[in-house]
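Below is one structure, written out as structure tokens; comments come after it.
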Amino acid sequence: MFRTRFAPSPTGYLHLGHALSALTVAHFARQAGGEMLLRIENTDFTRCRDEYESAIFDDLDWLGLDWPTPVRRQTAHFPEYKKALQKLIDAHVVYRCFLSRKELMTIIDSNPEMSAHGPDGPVYFGQPLPASEEAHLIEQGTPFAWRLSIRAARDMLCTDWSDISYAERSSGGEMLVARHKATPEIFGDAVIARKDIGTSYHLASVHDDALQGITHVIRGDDLKQAVHLHRLLQVLLDLPEPVYQHHRLLTDDAGKKLSKRDESPSLKQMRESGVRTADVKAQIADLLQD
Ligand code: GLU
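The opening residue of the sequence shown carries number 1 in the numbering used here; numbering runs sequentially from there.
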């Protein structure tokens with residue numbers, strides 16, 4: 001059964017770009033005779049707010065969408081993400097990183113190999129501290145993140161490393177599926193469990209896609225690069241592989257991607273001021289599949 005999902009993070013009110021995304025995901029689910037789940041990706045409790053979350057339900061309802069219940073809210077499942085992290089710890093492919101942001105930037109600035117900018121920010125390659133140093137920092141209560149070691153993962157997978165690939169379905173035309181080589185190293189040693197929340201978007205999302213039986217991950221082009229890291233995580237955690245599809249993004253008049261921080265009106269503002277759903281669809285008609 002074709003199953004996809006719309007997985008917003010309630011870190012702000014949704015805007016037209018999210019309407020495009022939700023309607024696109026729903027369109028492909030309908031077209032395939034499958035279903036679209038709604039998943040609330042709220043693990044970043046430092047930024048998520050209840051009022052943003054309840055607006056998501058009202059916005060999607062207003063757009064005429066529906067979804068099976070109960071809806072998975074990631075904050076209710078931290079122990080599961082911890083278990084997935086433990087699997088990576090046991091496989092020795094992650095290490096504790098105690099660096100502060102400032103220390104990290106100093107290392108990166110003085111290391112030409114790390115000058116690349118990855119999809120999530122500066123690229124950093126490190127290694128675990130000697131056991132005695134780690135023990136000392138842990139005893140002092142120094143917070144740490146867990147980073148995925150590209151070197152350790154590559155060593156562990158040996159020749160299988162270069163075979164990691166992903167299947168990408170094109171959005172238009174015949175919607176062909178093409179296979180591409182995955183290059184997770186573009187992220188450097190990515191943070192898999194943040195210091196403050198104990199997990200990351202990447203880990204929680206990949207975990208849930210597998211748990212919920214997602215066959216097709218359909219999302220905006222802004223997350224196109226994440227597939228490289230997600231495929232590596234799926235291989236390391238022995239999770240099934242979905243097909244990926246990325247849709248074009250809505251941009252403002254200057255060609256810049258709309259963001260929750262922008263002044264662009266939120267869907268909440270639009271529906272409260274009497275805008276009709278048909279008008280919303282008309283505004284994004286160029287990019288909308290029907
Ligand atoms: N929660 C992510 C976001 O709001 C989307 C995750 C995904 O579709 O993989 O940007």
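C-beta: ideal position from N, C-alpha, C; glycine also.
Which whole runs of the alpha helix (DSSP H) in the stretch 79-167 are 4 residues long or more, in chain order?
101-109, 131-139 and 150-157
Please determine whether the Cβ atom of glutamate 134 lies at a distance below 6 angstroms from any heavy atom of ligand 1.
no
Limits of the unbroken beta strand (DSSP E) element including histidine 246
243-247
So what does DSSP say about glutamate 174, is it helix, strand or coil?
coil
Any idea what DSSP makes of isoleucine 56, helix, strand or coil?
helix
Taking only the alpha-carbon atoms, compute the straight-line gap between proline 122 and glycine 274 and give it to the nearest angstrom.
43 angstroms
Are aspartate 209 and histidine 246 close, meaning C-beta to C-beta below 7 angstroms?
no
Could you tell me how far apart the beta carbons of isoleucine 192 and leucine 148 are, in whole angstroms, since I believe they sit closer than 8 angstroms?
5 angstroms
With distances taken from CA atoms, which of Leu99, Glu272 and His207 is nearest lysine 195?
Leu99
As assigned by DSSP and simplified to three states, the class of serine 21:
helix
Best match in Ser205, Ala153, Thr199 and Lys83 for proximity to arginine 5 [C-alpha to C-alpha]:
Ser205
For the stretch 211-225 against the stretch 126-138, do three or more pairs of beta-carbon atoms, one drawn from each stretch, fall closer than 8 angstroms, so that the two count as touching?
no
Could you tell me the distance, in whole angstroms, from the CA atom of proline 112 to the CA atom of glutamate 185?
16 angstroms
Contact between the stretch 47-61 and the stretch 145-161 is defined here as three or more beta-carbon pairs at a separation below 8 angstroms; is this criterion met?
no
Alpha-carbon spacing of tyrosine 244 relative to glycine 17, whole angstroms:
19 angstroms
Looking at ligand 1, does it come within less than 6 angstroms of serine 264, judged from the CB to the closest heavy atom?
no
Closer than 7 angstroms by C-beta to threonine 75: which residues in its own chain qualify, once you throw out the five before and the five after it? Chain order, please.
Asn42, Thr43 and Phe45
Going by DSSP in three states, phenylalanine 45 sits in which element: helix, strand or coil?
coil
Run of the beta strand (DSSP E) containing valine 191, from where it starts to where it stops
191-193
Neighbourhood of arginine 231 by C-beta, 6 angstroms cutoff - its chain only, sequence neighbours within 5 removed
Ile164, Tyr166 and Ala182
For a test of your reading of the model: does the CB of serine 273 fall under 6 angstroms from any non-hydrogen atom of ligand 1? Yes or no.
no
Can you give the beta carbon distance from tryptophan 296 to threonine 277, rounded, assuming they're within the 8 angstroms contact cut?
In the structure as shown, the chain starts at 1 and stops at 290, and residue 296 therefore has no counterpart that could be examined.
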